[in-house]
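For reference, the structure discussed in these notes is given below.
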Amino acid sequence: LAPPVNPWHADHWAGASSSGSGVATAAGLCYGAIGTDTAGSIRFPAGANGITGLKRTWGRVSRHGVLALADSLDHLGPMTRSAADAGAMLGAMAGIDPLDATTLEAPVPDYLAGLDAGIRGLRVGIDPAFVDGVCDGGTLKMLAGVRQVLTELGASVVELTMPATTTAMYVDWARLCGVETAIAHEASYPSRAADYGPVLAGLIELGRGVGGIELMKIEHARLQFKGALRKLLTTVDLLLVPVHPFGNPSAAQLDEIFKTPNGINDVLRYTAPFDMSGSPTITLPGGATAAGMPIGFQFVGRHLDEALLVRSGHAYQQATDWHRRHPTC
33 LAPPVNPWHA DHWAGASSSG SGVATAAGLC YGAIGTDTAG SIRFPAGANG
83 ITGLKRTWGR VSRHGVLALA DSLDHLGPMT RSAADAGAML GAMAGIDPLD
133 ATTLEAPVPD YLAGLDAGIR GLRVGIDPAF VDGVCDGGTL KMLAGVRQVL
183 TELGASVVEL TMPATTTAMY VDWARLCGVE TAIAHEASYP SRAADYGPVL
233 AGLIELGRGV GGIELMKIEH ARLQFKGALR KLLTTVDLLL VPVHPFGNPS
283 AAQLDEIFKT PNGINDVLRY TAPFDMSGSP TITLPGGATA AGMPIGFQFV
333 GRHLDEALLV RSGHAYQQAT DWHRRHPTC
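Those letters in the sequence shown? Residues 33 to 361, per my numbering, in order.
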């Protein structure tokens, strides 16, 4: 099968790996679609295609029937054209499932209740050092515009410092994911290694080479990050971060990014940490490049506080029209 094509421009990245869901939703082929996210695979296509993507708290939605990649990192959630639609879909998807022992027993709220309550009085945190000097000019301009809209809506945008272990979360992600992917595929890899593409095979081989002590060091850093992030989110209601630093790259530009020494880490910088922590996020279109390609951003919330993410996303979308802009495919 040919890879999905970005409906805004065929030469641009459509996101990965839920690109089909993102493209179909952006092109108006469906009300919404389901995406999976282990490192950013709801958020990348949501940002690239100018739609809304809701990555729920780990355990909020059953993973039964989903092809396993990494059990402790795999998330899934709705991809839609608006935050309100994402809330409606999540309400149908969330809840305990006897076929998935990792689903949470927490009651499922009405994610559309209080949808129009606004965000006046909310505190939204951003770490300037986490984005400045890393993101391109278009992404920084988009974030500045988002901050202005949030302020006009009555929220307080406050500067803070991300946990010191944040860097380890996107640097170490590949090794942890590799171990879990090797476990998930041990019935067919390496016995059927010829059937695997180079990316997945490379991830599995990376995981097969990780030792026990190295793995536990990653898990200890992960526990520290989760605790520090939980503490940080007692001082603010949401975090504001980009999807990635590169606006909306063409496929050729992305290939060049991946060839640089820190390319993959830069791409995962704003997504992998929140899979490592199991945090819910909502991705929203927040601007456009000079060429008119959509750029997205994320709100990151507290565990099981998807309702606030939906409400905040809806408030932002009531004040802007980025989500109403659609490709002319």
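For each residue, glycine too, the CB sits at the ideal point set by N, CA and C.
Cβ separation of residue i and residue j, assumed to be a contact under 8 Å, to the nearest whole Å
i, j, result
"alanine 116", "histidine 346", "5 Å"
"valine 342", "isoleucine 314", "7 Å"
"glutamate 300", "alanine 71", "First, the residue type needs correcting, since residue 300 is leucine and not glutamate in the sequence shown. Indeed, because the Cβ distance is near 6 Å, the residues count as touching under 8 Å."
"tyrosine 143", "leucine 172", "Between leucine 172 and tyrosine 143 the Cβ distance is about 31 Å, and since that is not below 8 Å, they are no contact."
"leucine 33", "leucine 154", "Actually they are not in contact, since the Cβ atoms of leucine 33 and leucine 154 sit about 43 Å apart, beyond 8 Å."
"proline 77", "serine 114", "Rounded, the Cβ-Cβ distance is 16 Å, inconsistent with contact."
"proline 36", "glycine 52", "5 Å"
"threonine 213", "leucine 101", "6 Å"
Selected residue, minimal CA-CA separation from residue i, among the options
i, options, result
"histidine 355", "Gly85, Thr70 and Ala71", "Gly85"
"methionine 371", "Leu122, Met174, Val166 and Pro35", "Limits of the chain in this structure are 33 at one end and 361 at the other, which puts residue 371 out of reach."
"leucine 264", "Val299, Ala196 and Asp142", "Ala196"
"leucine 192", "Asp106, Val268 and Tyr221", "Val268"
"serine 94", "Val178, Leu271, Ala322 and Ala126", "Ala126"
"proline 317", "Ala56, His358, Lys291 and Ala260", "His358"
"histidine 335", "Ala59, Arg254, Gly91 and Gly47", "Gly91"
"valine 156", "Gln330, Thr360, Gln349 and Thr352", "Gln330"
"histidine 217", "Arg240, Thr198, Val203 and Met201", "Arg240"
"glycine 97", "Thr68, Thr213 and Ala145", "Thr68"
"glycine 109", "Glu212, Leu238 and Ser73", "Ser73"
"isoleucine 296", "Trp205, Gly82, Ala214 and Leu136", "Trp205"
"methionine 308", "Ala339, Gly328 and His252", "His252"
"serine 311", "Gly82, Pro35, Ser104 and Tyr63", "Ser104"
"isoleucine 215", "His41, Glu237, Ser50 and Gln349", "Glu237"
"threonine 112", "Gly60, Asp106, Thr352 and His41", "Gly60"
"threonine 352", "Asp106, Val37, Pro39 and Gln180", "Gln180"
"alanine 16", "Glu338, Asp287, Ile83 and Val178", "Lying outside 33 to 361, the shown extent of the chain, residue 16 is not represented and no answer is given."
"arginine 75", "Val140, Asp43, Cys62 and Gly54", "Gly54"
"proline 160", "Ala145, Met194 and Val211", "Met194"
Outcome for residue i when other beta-carbon atoms lying within 10 angstroms are tallied against a minimum of 16
i, result
"methionine 248", "exposed"
"leucine 99", "exposed"
"leucine 235", "buried"
"alanine 176", "exposed"
"alanine 322", "exposed"
"cysteine 209", "buried"
"arginine 224", "exposed"
"tyrosine 202", "buried"
"glycine 47", "buried"
"serine 220", "exposed"
"lysine 291", "exposed"
"tyrosine 302", "buried"
"proline 293", "exposed"
"aspartate 106", "buried"
"glycine 259", "exposed"
Counting only runs that start and end within the segment 302-331, where is the alpha helix (DSSP H) found for 4 or more residues in a row? 304-308
Residue ranges of each alpha helix (DSSP H) within the segment 211-286, 4 or longer: 230-240 and 244-264
What are the start and end residues of each continuous beta strand (DSSP E) run of 3 or more residues lying completely inside the segment 94-161, in chain order? 107-112 and 155-158
Is the segment 181-188 close to the segment 150-169, with three or more CB pairs under 8 Å? yes
Can you confirm whether the segment 124-136 touches the segment 241-255 when touching is taken to mean that 3 or more C-beta pairs between the two stretches lie within less than 8 Å? no
Is the segment 277-287 touching the segment 158-169, taking contact as three or more C-beta pairs under 8 Å? yes
Runs of alpha helix (DSSP H) lying entirely within the segment 168-207, each at least 4 residues, in chain order: 169-184 and 198-203
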